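Working notes, beginning with the structure itself.
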Amino acid sequence: MDDGARARTIVASVLAWWQVARVERDRLPWRSTSDPWEVLVAETMLAQTTVGRVSQRYPLFLASLPTPGACARTPAGEVVRLWAGLGYYRRALGLHGAARAIVERHGGEVPATLGELLALPGVGPYTARAVLVTAFGAQAAVVDTNVGRVLARAVAGRPLRMPEAQRTADTLVPPGRSRDWNLALMDFGSIVCRSRRPSCSSCPVAREGACAWRGGAAGAAGADEAGTSAACSDMSRGDPADPAAGSAGVTGRQSRFPGSDREGRGRIVRAACDAPVSPADLARVAGWPADVDRAHRVAEALVADGLLVCGAGGELRLP
DNA sequence: TTCCCGCGTA
DNA sequence: TACGCGGGAA
């Protein structure tokens with residue numbers, strides 16, 4: 008099978024798989040809207056936390072801030088409060104900043120060009136293209152980590168850097184089916200072509216012999232949900248190493264969360280959502296009662312981020 | 001334990 | 001190019 012034929016087979020297989028798989032996910036609240044602001048809010052939330060959590064918070068957030076204008080004239084601190092529990096509070100500030108930019112520069116309407124979207128705070132290549140495709144029906148390819156993984160494994164059979172991954176994705180978009188295709192490919196990467204224990208034995212691409220990584224021997228050996236995770240890179244069993252490793256969008260290891268600055272940041276912000284935090288309470292609130300210096304250092308970073316402001320008495324509150 | 005997610009900054 | 005971010009989930 009040549010590359011062109013394999014690409015067409017992959018597109019057809021993934022779309023056919025999605026016609027069945029989509030049913031459950033179509034019930035998610037953000038799948039039934041093409042309103043650009045609602046899409047922007049959904050993508051910002053989904054980029055950082057899981058579907059179940061976003062499902063709970065998303066309707067409440069939009070009920071309070073249904074338009075960019077409503078968000079723009081709300082104090083940043085109130086937007087952070089509505090964000091409480093989602094984490095990554097700087098993204099709430101980014102969304103607030105984006106809303107203000109949309110009002111100031113675009114008359115309150117989310118812009119419909121890649122360049123204008125990328126110029127909004129907190130909006131990068133993924134979010135910008137997701138809005139273009141989902142809200143505006145653009146013929147574009149959205150490359151998130153799931154898509155990057157599928158491209159590296161099934162299409163290229165080797166790691167891809169981002170520019171190449173984007174170009175590869177661009178060539179696959181079926182004309183007139185941009186939204187369906189992008190949703191299908193992201194769901195496919197999330198559900199079948201997972202990072203860990205990919206479901207090669209039930210994969211429609213492998214079944215067609217169209218996977219550049221697994222080749223035509225679908226589920227014959229090695230990487231599969233039935234095996235251990237180590238099987239994915241077990242060369243002794245004849246498996247080529249996972250091409251997704253080190254490919255576009257793959258993030259490296261993160262330091263452990265318990266005991267980290269991030270944990271203390273989260274505790275301080277959540278406390279400030281309820282009431283201003285006095286200097287005397289700061290270390291206890293941060294969870295480091297014996298390390299006052301550390302609590303103050305982390306709090307200063309939060310002020311520098313614009314997530315907290317320091318009052319006259321040194322108390323910390325939301326902006 | 002280990003992995004995971006897109007963006008901004010350094 | 002590498003890291004910080006806020007935890008949740010496997």
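If you count by my numbering, then the first sequence holds residues 8 to 326, one letter each, in order.
Even glycine gets a Cβ: it sits at the ideal position worked out from N, Cα and C.
For clarity, every value in this text was computed on a predicted model and none was experimentally measured.
In the three-state reduction of the DSSP assignment, residue 280 falls in the helix class. Non-local C-beta neighbours of residue 271 in its own chain, meaning closer than 8 Å and more than five positions away in sequence, comprise 293, 294, 295, 301, 302, 305, ordered along the chain. Between the alpha carbons of residue 177 and residue 148 lies a gap of roughly 5 Å. In the structure shown, the three-state DSSP call for residue 324 is strand. With a beta-carbon spacing of about 20 Å, residue 131 and residue 157 fall beyond the 8 Å limit used to define contacts. Taking residue 313 as reference, the option from 109, 98, 106 with the minimal CA-CA separation is 98. Here the alpha carbons of residue 72 and residue 316 stand approximately 23 Å from one another. The stretch 8 to 54 contains, as complete alpha helix (DSSP H) runs of 4+ residues, the segments 10 to 32, 43 to 53 (chain order). Non-local beta-carbon contacts of residue 283 in its own chain, meaning distances under 7 Å to residues more than five positions away in sequence, involve 318, 322, 323, 324 in chain order.
Remark: three or more beta-carbon pairs, one from each stretch, lie closer than 8 Å, so the stretch 207 to 217 and the stretch 17 to 27 are flagged as touching.
For the set 68, 133, 252, the Cα lying nearest the Cα of residue 159 is the one of 252. Bridge partners of residue 218 according to DSSP: 222.
Leaving aside the five residues that flank residue 310 on each side, the residues in its chain whose CB is nearer than 8 Å to its CB run, in chain order, 316, 317, 323.
In the three-state reduction of the DSSP assignment, residue 207 falls in the helix class, which pools H, G and I. For the pair residue 31 and residue 307, the Cα-to-Cα distance works out to about 44 Å. In terms of Cα proximity to residue 88, the closest of 55, 279, 297, 154 is 279.
For residue 95, no alpha helix (DSSP H) encloses it, and the DSSP letter there is neither H nor E.
Looking only at 222, 289, 263, the smallest Cα-Cα distance to residue 8 is reached by 222. Per DSSP, the continuous alpha helix (DSSP H) segment holding residue 173 begins and ends at 169 to 179.
Remark: three or more beta-carbon pairs, one from each stretch, lie closer than 8 Å, so the stretch 121 to 135 and the stretch 47 to 60 are flagged as touching. Under DSSP, residue 317 takes part in a beta bridge, and its partners are 323.
Residue state for residue 165 is assigned as coil, using DSSP reduced to three classes.
Residue 165 and residue 61 have their C-alpha atoms roughly 33 Å apart. Rounded to whole angstroms, residue 81 and residue 110 show a C-alpha spacing of 13 Å. For residue 142, same chain residues with a beta-carbon under 6 Å away, outside a window of 5 residues either side, are 41, 43, 46 in chain order.
Contact between residue 250 and residue 163 is confirmed by a C-beta separation of about 7 Å, below the 8 Å threshold. Counting only runs of 4+ residues, the alpha helix (DSSP H) found wholly inside the stretch 264 to 311 occupies 268 to 281, 286 to 293, in chain order. Residue 108 and residue 64 have their C-alpha atoms spaced approximately 24 Å apart. Per DSSP, reduced to three states, the secondary structure at residue 119 is coil, with no helix or strand assignment. Each residue's CA atom was taken as its position, placing residue 49 and residue 37 some 6 Å apart. Around residue 91, the same chain offers 277, 280 as residues with beta carbons nearer than 7 Å, after the five sequence neighbours per side are excluded. In this structure, 66 is the residue among 66, 21, 13 with its C-alpha nearest to the C-alpha of residue 35.
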